[in-house]
């Protein structure tokens, strides 16, 4: 967490001055009013509703919050953005985007874009990181043995040790192939003897098509793609990548009855997208796809390399409150 914080600190150096000429894109995942048990939501991927409300009120009062479409119009017209311009984004497609975040944004009249994994909508699907979290959270064993780069014996007799084990397993999985990652997740479920379930926490629940349609019909909200099941796009072959992108967009367009031209890269770090990914996104009608790399965006920033500022996750601060 310290290294992640340090990266953010470095990339957002001199933020208060730079925000007058560079675009800030905030990245959220969920907003929750649920009191978590054990290590569920330990990373604060879902920030508290009170925290989110305070941040949105700050943006309403002090910043120029625009839609992703407005930003593209500024770019096309080669116009300068007003000082303190912000875009609000959400990734993944959690139900609390609809039940908790959207009503706050709607009440205060602030736009946002929601990048959704279309294959999880209206399902009990769990993202693999949540499966690992649920299994370790509920496991009653004091140790588990998991094959990563080598066989590891993890002590999980308290919450801190469970978090440490989870972080190590997640880090390995994020660098592994899809097949290897899937095998590790299966092994953890077998080793912990826990069958992960979306019903364990409202924070695991996914948005429904009816909810997403209601959001799509709001003039404040834009819906974008985010793959089918949050697989890393750069690891697909060209043919499989094209099928992944097209299928993810087809699901959204069929159910929302509108064309989709926005996307964001799952995971979104440097090695999670490349020129081939960008080319295939463009081929499928995508005009903008931000990363999850931390930073601000100067006027000449490319629409497929935009940087975002993750808020709350692993203690990352709301940047406007920092020096």
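Residue numbers (this note's numbering): 13 to 335.
We put the beta carbon where it would ideally sit given N, CA and C, even for glycine.
Since we're looking at a predicted model, the values are computed, not measured.
If I follow the unbroken beta strand (DSSP E) through residue i, where does it start and stop?
i: residue 126; result: 124–128
i: residue 154; result: Here residue 154 belongs to no beta strand (DSSP E), and DSSP marks it neither H nor E.
i: residue 273; result: That residue, residue 273, is in no beta strand (DSSP E); it is neither H nor E in DSSP.
i: residue 330; result: Run containing residue 330: none; DSSP gives neither H nor E here.
i: residue 325; result: Here residue 325 belongs to no beta strand (DSSP E), and DSSP marks it neither H nor E.
What first and last residue would you give for the alpha helix (DSSP H) that runs through residue i?
i: residue 204; result: 190–204
i: residue 183; result: 171–187
Can you tell me the Cα-Cα spacing of residue i and residue j, whole angstroms?
i: residue 155; j: residue 116; result: 43 Å
i: residue 241; j: residue 276; result: 13 Å
i: residue 153; j: residue 325; result: 28 Å
i: residue 266; j: residue 243; result: 21 Å
i: residue 13; j: residue 55; result: Low confidence applies here, because residue 13 scores a pLDDT of 44, under 50, leaving its location unreliable; read the following figure in that light. Taking the straight line joining both Cα atoms gives about 10 Å.
i: residue 48; j: residue 297; result: 40 Å
i: residue 328; j: residue 30; result: 19 Å
i: residue 89; j: residue 83; result: 10 Å
i: residue 293; j: residue 302; result: 12 Å
i: residue 175; j: residue 210; result: 19 Å
i: residue 97; j: residue 75; result: 6 Å
i: residue 119; j: residue 72; result: 11 Å
i: residue 258; j: residue 246; result: 15 Å
i: residue 323; j: residue 170; result: 27 Å
i: residue 286; j: residue 103; result: 19 Å
i: residue 25; j: residue 32; result: 14 Å
i: residue 112; j: residue 78; result: 20 Å
i: residue 284; j: residue 306; result: 14 Å
i: residue 12; j: residue 87; result: In this structure the chain extends from 13 to 335, so residue 12 is not present and cannot be described.
i: residue 28; j: residue 332; result: 7 Å
i: residue 264; j: residue 23; result: 34 Å
i: residue 207; j: residue 186; result: 22 Å
i: residue 280; j: residue 304; result: 4 Å
i: residue 101; j: residue 191; result: 30 Å
i: residue 137; j: residue 312; result: 39 Å
i: residue 193; j: residue 94; result: 44 Å
i: residue 316; j: residue 309; result: 12 Å
i: residue 85; j: residue 92; result: 11 Å
i: residue 114; j: residue 139; result: 22 Å
i: residue 37; j: residue 146; result: 30 Å
i: residue 318; j: residue 282; result: 12 Å
i: residue 188; j: residue 270; result: 35 Å
i: residue 16; j: residue 251; result: 34 Å
Whose C-beta lies closer than 8 Å to the C-beta of residue i among residues of the same chain, with five residues either side of it excluded?
i: residue 160; result: 180, 181, 184 and 196
i: residue 157; result: 163, 164, 165, 166 and 203
i: residue 50; result: 149, 150, 171 and 174
i: residue 232; result: 79, 117, 118, 121, 122, 123 and 124
i: residue 253; result: 245, 288, 289 and 292
i: residue 226; result: 110
i: residue 205; result: 151 and 153
In chain order, what residues of the same chain lie with their CB nearer than 7 Å to the CB of residue i, ignoring the 5 residues before and after it?
i: residue 135; result: 218
i: residue 177; result: 148, 166 and 168
i: residue 80; result: 99, 125, 234, 274 and 300
i: residue 261; result: 237, 272 and 296
i: residue 45; result: 61 and 112
i: residue 133; result: 105, 218, 219, 220, 221 and 224
i: residue 144; result: 178, 181, 182, 197 and 200
i: residue 70; result: 332
Can you find the residues in the same chain that come closer than 6 Å, C-beta to C-beta, to residue i, ignoring five residues on each side of it along the sequence?
i: residue 106; result: 42
i: residue 131; result: 240 and 241
i: residue 228; result: 235 and 268
i: residue 64; result: 43
i: residue 20; result: 306 and 328
i: residue 108; result: 42, 43 and 44
i: residue 230; result: none
Thinking residue i and residue j are a contact (beta carbons under 8 Å), I'd like their distance in whole angstroms, please.
i: residue 58; j: residue 215; result: 5 Å
i: residue 224; j: residue 128; result: 7 Å
i: residue 35; j: residue 320; result: That pair is no contact at about 10 Å.
i: residue 67; j: residue 330; result: 5 Å
i: residue 213; j: residue 52; result: 5 Å
Within the region 70–151, ranges of the beta strand (DSSP E) (whole runs, at least 3 residues): 97–104 and 124–128
Every unbroken alpha helix (DSSP H) within the region 278–320, with a cutoff of 4 residues, ordered by chain: 287–295
Uninterrupted beta strand (DSSP E) stretches inside the region 17–71 (no shorter than 3 residues): 36–40, 42–44 and 58–60
Alpha helix (DSSP H) runs wholly inside the region 196–266, at least 4 long, in chain order: 221–228
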